Every structure is written in structure tokens, then in C-alpha cells.
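Structure record follows, encoded as C-alpha cells.
There are 4 protein chains.
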Amino acid sequence: MPSPPSRPALRARYDQRRRRVIDAAAHAFAQRGYHATSVAALLQATGLTAGGLYHYIATKDDLLMLICDELIDPLLDRARAISAAQDPPQDQLREILHAWLEHIEAHLDHMRVFQQERHVIEGEPHWHEIRAKRREFERMLDEILARAQERGVMRIPDRRLALLALLGMVNYTPQWFHPGGRLDAAQIADGYCDLMLEAYAANSLRGSESA
Amino acid sequence: MPSPPSRPALRARYDQRRRRVIDAAAHAFAQRGYHATSVAALLQATGLTAGGLYHYIATKDDLLMLICDELIDPLLDRARAISAAQDPPQDQLREILHAWLEHIEAHLDHMRVFQQERHVIEGEPHWHEIRAKRREFERMLDEILARAQERGVMRIPDRRLALLALLGMVNYTPQWFHPGGRLDAAQIADGYCDLMLEAYAANSLRGSESA
Amino acid sequence: MPSPPSRPALRARYDQRRRRVIDAAAHAFAQRGYHATSVAALLQATGLTAGGLYHYIATKDDLLMLICDELIDPLLDRARAISAAQDPPQDQLREILHAWLEHIEAHLDHMRVFQQERHVIEGEPHWHEIRAKRREFERMLDEILARAQERGVMRIPDRRLALLALLGMVNYTPQWFHPGGRLDAAQIADGYCDLMLEAYAANSLRGSESA
Amino acid sequence: MPSPPSRPALRARYDQRRRRVIDAAAHAFAQRGYHATSVAALLQATGLTAGGLYHYIATKDDLLMLICDELIDPLLDRARAISAAQDPPQDQLREILHAWLEHIEAHLDHMRVFQQERHVIEGEPHWHEIRAKRREFERMLDEILARAQERGVMRIPDRRLALLALLGMVNYTPQWFHPGGRLDAAQIADGYCDLMLEAYAANSLRGSESA
DNA sequence: TATGAATGAGCCTTCATTCAT
DNA sequence: CATGAATGAAGGCTCATTCAT
Numbered sequence: 034m035p036s037p038p039s040r041p042a043l044r045a046r047y048d049q050r051r052r053r054v055i056d057a058a059a060h061a062f063a064q065r066g067y068h069a070t071s072v073a074a075l076l077q078a079t080g081l082t083a084g085g086l087y088h089y090i091a092t093k094d095d096l097l098m099l100i101c102d103e104l105i106d107p108l109l110d111r112a113r114a115i116s117a118a119q120d121p122p123q124d125q126l127r128e129i130l131h132a133w134l135e136h137i138e139a140h141l142d143h144m145r146v147f148q149q150e151r152h153v154i155e156g157e158p159h160w161h162e163i164r165a166k167r168r169e170f171e172r173m174l175d176e177i178l179a180r181a182q183e184r185g186v187m188r189i190p191d192r193r194l195a196l197l198a199l200l201g202m203v204n205y206t207p208q209w210f211h212p213g214g215r216l217d218a219a220q221i222a223d224g225y226c227d228l229m230l231e232a233y234a235a236n237s238l239r240g241s242e243s244a
Numbered sequence: 034m035p036s037p038p039s040r041p042a043l044r045a046r047y048d049q050r051r052r053r054v055i056d057a058a059a060h061a062f063a064q065r066g067y068h069a070t071s072v073a074a075l076l077q078a079t080g081l082t083a084g085g086l087y088h089y090i091a092t093k094d095d096l097l098m099l100i101c102d103e104l105i106d107p108l109l110d111r112a113r114a115i116s117a118a119q120d121p122p123q124d125q126l127r128e129i130l131h132a133w134l135e136h137i138e139a140h141l142d143h144m145r146v147f148q149q150e151r152h153v154i155e156g157e158p159h160w161h162e163i164r165a166k167r168r169e170f171e172r173m174l175d176e177i178l179a180r181a182q183e184r185g186v187m188r189i190p191d192r193r194l195a196l197l198a199l200l201g202m203v204n205y206t207p208q209w210f211h212p213g214g215r216l217d218a219a220q221i222a223d224g225y226c227d228l229m230l231e232a233y234a235a236n237s238l239r240g241s242e243s244a
Numbered sequence: 034m035p036s037p038p039s040r041p042a043l044r045a046r047y048d049q050r051r052r053r054v055i056d057a058a059a060h061a062f063a064q065r066g067y068h069a070t071s072v073a074a075l076l077q078a079t080g081l082t083a084g085g086l087y088h089y090i091a092t093k094d095d096l097l098m099l100i101c102d103e104l105i106d107p108l109l110d111r112a113r114a115i116s117a118a119q120d121p122p123q124d125q126l127r128e129i130l131h132a133w134l135e136h137i138e139a140h141l142d143h144m145r146v147f148q149q150e151r152h153v154i155e156g157e158p159h160w161h162e163i164r165a166k167r168r169e170f171e172r173m174l175d176e177i178l179a180r181a182q183e184r185g186v187m188r189i190p191d192r193r194l195a196l197l198a199l200l201g202m203v204n205y206t207p208q209w210f211h212p213g214g215r216l217d218a219a220q221i222a223d224g225y226c227d228l229m230l231e232a233y234a235a236n237s238l239r240g241s242e243s244a
Numbered sequence: 034m035p036s037p038p039s040r041p042a043l044r045a046r047y048d049q050r051r052r053r054v055i056d057a058a059a060h061a062f063a064q065r066g067y068h069a070t071s072v073a074a075l076l077q078a079t080g081l082t083a084g085g086l087y088h089y090i091a092t093k094d095d096l097l098m099l100i101c102d103e104l105i106d107p108l109l110d111r112a113r114a115i116s117a118a119q120d121p122p123q124d125q126l127r128e129i130l131h132a133w134l135e136h137i138e139a140h141l142d143h144m145r146v147f148q149q150e151r152h153v154i155e156g157e158p159h160w161h162e163i164r165a166k167r168r169e170f171e172r173m174l175d176e177i178l179a180r181a182q183e184r185g186v187m188r189i190p191d192r193r194l195a196l197l198a199l200l201g202m203v204n205y206t207p208q209w210f211h212p213g214g215r216l217d218a219a220q221i222a223d224g225y226c227d228l229m230l231e232a233y234a235a236n237s238l239r240g241s242e243s244a
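If you read the protein sequences in the order shown, they are chains A, B, C and D.
Residue 244, in my numbering, is where the first sequence stops; the numbers in between run on with no holes.
Residue 244, in my numbering, is where the second sequence stops; the numbers in between run on with no holes.
Residue 244, in my numbering, is where the third sequence stops; the numbers in between run on with no holes.
Residue 244, in my numbering, is where the fourth sequence stops; the numbers in between run on with no holes.
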């Protein structure tokens, strides 16, 4: 893998082609799995030859990391922005879920790969960076729930479990979501948000009764 | 793979050893992943030799199917029993979640493997049987939700999404659950059950207001 | 590369076959060079298949180290014995040269490989051990020269240069020696020994004159 | 590889750059070995681009031949001159050794490559020319020894072995020589020359005694 | 019965060289 | 002239599985 060209004009073309390679790989990995996708299959999918592919990536593993990398950063940025704006926590929750599910919708293959190839990803040297970003994202979610509790908007018996339930339902989404289906990202986000807000509504009848 | 011994005394010992092989494999696959676990590693983990291992299994893939097989049937049986007994749907939901999470707790490695190695499992000829069982389980869950709706116990805006959310949170559990931790299977089951019941409570304040 | 069998009977057969592999590789490397000898060529030379070869070695590089390893130790042992026995230094020199050249004669291919593939060998992690042994051997040679000087048997203007000249002529030998030729190892050893003893004879005419 | 420019002004610049390429390659090959030095490394060392490099050479192998070619001819010319001038053979030996070791000193990298990459060089079609020149050089050395014997200046028990010993010590020199060290080319040449003259001195005491 | 040496197709990757731009 | 993306054959190596002993 030679270093990318530094001249801007060439660099742009290089980046574009590289992106195409990464997306094609994400699609193939999502479809058939990382291990079942041979480099030969990637060559066919990209139309490149063996040597050509390795202009854009260092390793088949590396390809996996590239898929994951470009996945996390943009979502993390949006989450930070939402978290920084001091909207009411229930609004923040909805916004972050919308961002998240739109991200899943936009990068469905990448998300599927990220979910499914944990063992490979965790074996990479890069892994700790990805995990750190993941944790930051989860911490922001948790803080929203905490603020909702503090402000009396939600009453959550076990916040850790609530967070894990939320992570579970969202992370499972790529496994069944298919674009153009009955539900779009926004509807799913609203569904999950309502689910959480209703479940832990501070002023629910049962909530009031048990108080 | 020679056929198992037919004399009962020998058959018992055979079955016991085979179970030990399957469990060891489940542990290794859960820890390192199916592809990263070589047959050689399995040999070391079981203390068997190459020839010895293949007395108990036909194939490495086959091992994966064995792990999955013994996983689904007992849970499916319990679910059928719960479903057949005509308890109130909210009780059925709680019972099935308890059964489910106890199953996860008891077969944590197997569950992790089942979740993580989808691509391999889906490539097996056996796969359609497993999928059929899986779908039966999900259908039973769905029917409980449907009955709860019919009887006015729950008011679910989108039952498909509610089901998928539930599947997501439970299926995600093996990824973070660790035995002897703060929460046991029963507590998690109750947490999820409450979450669902509260979220879709028919007589919630907000539910009534928005109606 | 599986670990070698521990049962003595099997171990013997294993060691014998392994030796045959190493010798065949040494021959091929000596003939065509390390890089020009593909693993496929090694397979043909040994009659093994790809997987079979890798029962005996870990790596093609490893093979090179095996060739070198078994080369140095026996000679070093003989040199130590000669060095320990406190014969007159001129006898020690002759003995060590005989041992050395017989070693070259007996392991001609290995020696050629060792001389010719320096760059590969020096890149190996094992390299520092080999270098240490090599240096010990050279130090023993140097000590013999030093003792010869001390005892007035030789008068050496520049002992370092004398040692390097000796190393040069012996190390060059594998490049032209061919078994069954006009000169055998003993004759060459004597030739080199005489060359050194005459060149630095303490009581030579010119030596005396210049003193 | 386009043909070099024919206009003299351009040709000079071309030759100069080409020389720089060859020297850089010699340095890299000497340092890391021919096979371990990729063309990419050569590009970095020279500052050229792939296309650029191939203006000056036809092939990576070709580069090796260029390194060797410019190595032998000048030394051979000097040797011929020394051989033609009918000085006493002991003076010729000294002169040729001085020329030789100065050549080594001046082209240390090239000499190292020539010594170390025998297998590659011998695979080249060009090889027979180089070998012919090499042999001519060795024949001239041998003739000097023969003349010394004829004239009674030296008494050499085995002239072939004496020649091989000399070739060995000189050819080994590039492996340990380092410019600016304790010994310069002239001192080494004298050391080797004295070594040979003393070893085979016709009128040595022991020589006379043993006769 | 139990062993472990052997199989061999297929894997990922490299790199000297070319040629459209 | 110069560029650097692309070539593609060949490389070393793996590993689930078999079977002679």
C-alpha cells in the first residue's frame, strides 16, 4: 500500500476510489461475512486486480477497520452536538435516536459488519480507539437518562439496565431493517424513543401509585 | 465419524464425552470466535487427538450446529408450555422472559456463539430447521403481545416494532451479561418485562391523554 | 508446525525426517540461493506436500536458521576441547583448522548457505545467538595466535589482520571446494596452517634480520 | 527504458544521474541485500518516481549488472598494466594488491554486493562476461606467483591453494573493512603481501631445513 | 481402538514493471 | 518527459480432515 497521493487533485480521486472499495467490501462482508469473503471476491466486486486493491488498503483486516472507522466519527460528532445543546433530556433522547437510526439507515452494511465481526475487530490493534469512542457514545446516552431522572422527567429503576435495553434494541436494528420497508429510520427512532419515555414516565399511573 | 456405540452403557459414556466436547467448543468459540478457533485449539482444550475428536463430531461446522441445536429445543419446549397454559398474557410474557433469560444464563457461551456466528450458521444445510424453530419462538412472543392487546392489557402502536425491540434487548444480553454480576437472569427478565408492560400500558396517563 | 512427538520411538523418526528436510533445503539453497528456491521447489526436493513440510519447520526462514544452528554447535564444541587442552599453540592451530575444514567438508552445503545468505540470516531474531557463537569461535582462534606470540613461536605484526586473513581464506573455501577433488580437507587445513606458521615464523631469516 | 540522449550536453547529465542511481542502489543492496531492497526503496533513496527510475535502467537485475560491470573493468585494466610492466614478481604482487584493496576501499558497497549476491549474478545472461574477466584477473595473479616460483623468489608447495588463500583473504575484506578505521587499504595490502611473501619465502630457515 | 503425519486446495499478499494520462 | 495507478503471476503458508499404522 503506497502512501496516498499528496497532490490535491489526485488525492480527491484516490479518496473517492478508496471509498468505493470500502463500501463494496462492507456490502460483501455484510452479505456473506468477513471470513467467507475472499479477497478474490472483493476483486470481483470492485473490478480491481489484486495489486490494484492493495493501493487503497494495507490488509484485508485493515479494510474492516476502515469500515468501522468512518462509521463512528460522524455519529459521535452529532451526538456531541446534541449533548452540548442543553435541550430538555427527552428531546435530546429523541434527537440522538434519530441521528443514530439515520446513521444506521445510511450505513446499513457497515453497521451490520461492525455488529457481526466483533471477534475480528477486537483482535485489531486499532480496537481500543474504537471501543473508546463507543464508550463515549454510550456515556452520552447514559447522561441523558441521568438528566431526565434528575429533572423528574423519568423515573428509572435501574438506569444501567435501561441503557443496555436501549443499546440492545438499536444495535439489533441492522439485522432486520431493510431500506424502503414499512418503517423508515425516523419512525423506528420515534418508536424506540416513545418506548423508553413511556416505560420510564415519571408521572405514569402505576408510577404514581407505587410512589 | 464412526456411528456412536449402541450398547447403552457405552452410549452413556459416549454422550457425556460428546457433551463435554460441545461445551468446550462453545466456550472457545464464544471467547475467540469460530474462525479464530482452530481444530488444533479444540484438541488442546478437550485433551483429545485429531482422530479422537472426529469420533464425536463429523465436522467443525457440525460442531456449530450441535451447539445451536441443543440450545433451541429446550427453550422452545418451555415456551410452548407457557403459551399453552392460558395464563393472562402479561404473566405469560414474564414467564417466557424468565425462561429465556435463565436459558441465556445457563448457556451463555452457546448463546454468544449463536448470536455471533450467524454467517456460518446460515450457510449450513441445517439452517432452515433452526430458522423455523426461531420463528416459532418469535411467533409465540408475538401472539402473547397480540393477546395482551386484544384483552386491553396493552396498547401497542406498532406490534412488529415492539417485538423487534424486545428481541433486540434480549438478544443483546449475552454480550454484556456476566454470571455472578449485579443482576441475575430473573432481575433482567423482570426489568425487560416491566419495560414492555409500562411502555405499552393501556391505562397510562399519557396513553389516555393522547387517546 | 505441531510440536514434535514426545514418544521416543516416534521422536526418532521425526528427527530423522526433519534432518532429511534440512539437508535437502541446504542443498537447494546452496545450489540456487535462498530466494531463488521456492517452497514448491523444496517440496519437490523432499517429496513432501505443502502441509507435510510444515510439520517439520515453522517457516522458510526458520529452515535457514536450522541449517545454521546445527552447523555451529558441533564445531564450537570441538574448538573448545582443543582450546582447553593446553597443547602448544601451533598444534592447537593445526588441530582447530583440521576440525574446521573437516566440518566444512562434511557440511558443505550448509556452509555455503551460511556464507551466502548473510542478509537473510542477519534479519532473523535468532541472529544474535549465532553471532555470539561465531565470535566465541573467532576469539578462541585469536587466543591461540596470542599464545603463540607470547611463547615466541610466532611474531605477528598485526594480529587482528592475521586473524582476518585466516578467517577469509577458510570462509572462502566452501566456494571452491568440491569433495573428491585434488585436495581433501586435511590437506587444505595443513596448507592454511603452514601458510600462517611460515608467514609469522618467529625465527625466519627475514624475521631475524628485521629484529 | 528509453535510449539515452545522444546530444552530448544532455548525455553528460544523464550519465551523471545514472551513476548516482547505481551508487544508491549499491549502497542499499550492500546494506540490506538485493532481495530485501524493493524498487520502492530505491525510489525513495534516489528521489525518483517509478517511471523516472526506468529511464536509467532496464531492470532491477540490470542494476546489479551495472554495479558489477563498472567494478571489474577499471581494476582489470590496472592489473593488466602491472602485469605487462615486467617488474620483479614480488613487486607486482604488492602493486596488484595495492590496486585491488584501493579498489575495494573506493567501491566498498559495490564489492559487498558483488560478493554477496553471487546467486543472482550467476543467473544473469551477462554472467559469463563477468566470469571471464574475473578469471583473467585470477590468472594474472597466478602468473605472478608462477613467475616468483620460476625466479626462485618464492617456493610454493601448492600454487593453486596459495592463490585460493589469497583470493579468500582479499575477498573477505569488504565484510569487515570500514573506511576511516585503524587500517587503510595500503596497510591491508601490505599485510597480505607480506603474509604471502613470508609464507612462501624461498630462503626461509625452515624452508631450507625441510628441503 | 487411537494415533498423528500427511493432505492439498485455497488463502492473503507482494512487487518489478508498464503505460495511459 | 514524468507520473503513479494498475498489473498479475507467483510467493509462502494454513488448516480441516483423512487413514495407514
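Beta carbons are placed, not taken as given, at the ideal position from N, Cα and C, and that holds for glycine.
The structure presented is a predicted model; accordingly, all values stated were derived computationally and were not measured.
Check	Outcome
Top-ranked residue by Cα proximity to F62(A), from R151(B), L200(B), G213(B)	R151(B)
Environment of G214(D) [buried if 16+ CB atoms lie within 10 Å]	exposed
Closer than 7 Å at the beta carbon, the chain D residues around H68(C)	H68
Secondary structure of M144(C), DSSP reduced to three states	helix
Terminal residues of the alpha helix (DSSP H) in which P41(A) lies	41-65
Member of R53(C), P158(C), P207(C), A234(C) whose CA lies at the smallest distance from the CA of I221(C)	P207(C)
Meets three-Cβ-pair contact criterion under 8 Å: the segment 132-145 of chain C and the segment 94-114 of chain C	yes
Neighbour-count burial assignment, R127(B), 16 or more Cβ in a 10 Å radius	buried
Below-7 Å beta-carbon distance, Y87(A) vs any chain B residue	no
Separation of E231(B) from A179(B), as counted between CA atoms	16 Å
Residues of the segment 198-209 of chain C whose Cβ lies closer than 9 Å to any Cβ of chain D, in chain order	A198, L199, L200, G201, M202, V203, N204, Y205, T206, Q208, W209
Rounded C-alpha distance that separates R188(C) from A42(C)	55 Å
Any chain B beta carbon closer than 7 Å to E157(A)	no
Selected residue, minimal CA-CA separation from T92(A), among V203(A), G66(A), E157(A)	E157(A)
Inter-stretch contact at 8 Å, needing at least 3 Cβ pairs: the segment 106-124 of chain C / the segment 163-177 of chain C	yes
Coil, strand or helix - A91(A) by DSSP	coil
Contacting residues, own chain, Cβ-Cβ under 7 Å from P35(B) (five flanking each side not counted)	H88
Closer than 8 Å at the beta carbon, the chain C residues around E128(D)	Neighbours of E128(D) on chain C: none; closest Cβ ~19 Å, over 8 Å.
CB contact below 7 Å: A60(B) versus chain A	First, the residue type needs correcting, since residue 60(B) is His and not Ala in the sequence shown. So, not an interface residue.
Neighbouring residues, chain C, relative to R151(D) (Cβ below 9 Å)	G66, Q149, Q208
Cutoff 7 Å: L108(B) Cβ touching any chain A Cβ	no
Neighbourhood of R44(A) by C-beta, 7 Å cutoff - its chain only, sequence neighbours within 5 removed	P37, P38
Chain-ordered residues of the segment 37-50 of chain B with a beta carbon less than 7 Å from chain A	none
Three-state class that DSSP yields for V234(C) in the structure shown	Before going on, a small fix: residue 234(C) reads as Ala here, not Val. Here A234(C) sits in strand by DSSP.
Any chain B beta carbon closer than 7 Å to G213(A)	no
Per-residue contacts from D191(B) into chain A (C-beta, under 7 Å)	G224
I154(B) versus Y233(A) - alpha carbon distance	37 Å
Assigned exposure category for A219(B) - 16 Cβ within 10 Å defines buried	exposed
Contacts of E169(A) in chain B (Cβ-Cβ under 7 Å)	The premise fails here: E169(A) is roughly 17 Å from chain B at the closest Cβ pair, so nothing lies under 7 Å.
Closer than 7 Å to chain A by CB, E231(B)	yes
Cutoff 7 Å; reference G185(B); Cβ partners in own chain excluding five residues on either side	A235
Contained alpha helix (DSSP H) runs [length at least 4] in the segment 113-173 of chain A, N- to C-terminal order	122-139, 141-149, 151-155
Helix, strand or coil at M187(C) according to DSSP, with G and I counted as helix	strand
Through-space distance from A181(C) to T79(C), alpha-carbon basis	47 Å
Helix, strand or coil at R79(D) according to DSSP, with G and I counted as helix	The displayed chain sequence assigns Thr, not Arg, to residue 79(D). It is helical.
Chain-ordered neighbours of I100(B) on chain A, where CB pairs are closer than 8 Å	By Cβ distance, chain A contributes nothing, its closest Cβ being about 15 Å from I100(B), past 8 Å.
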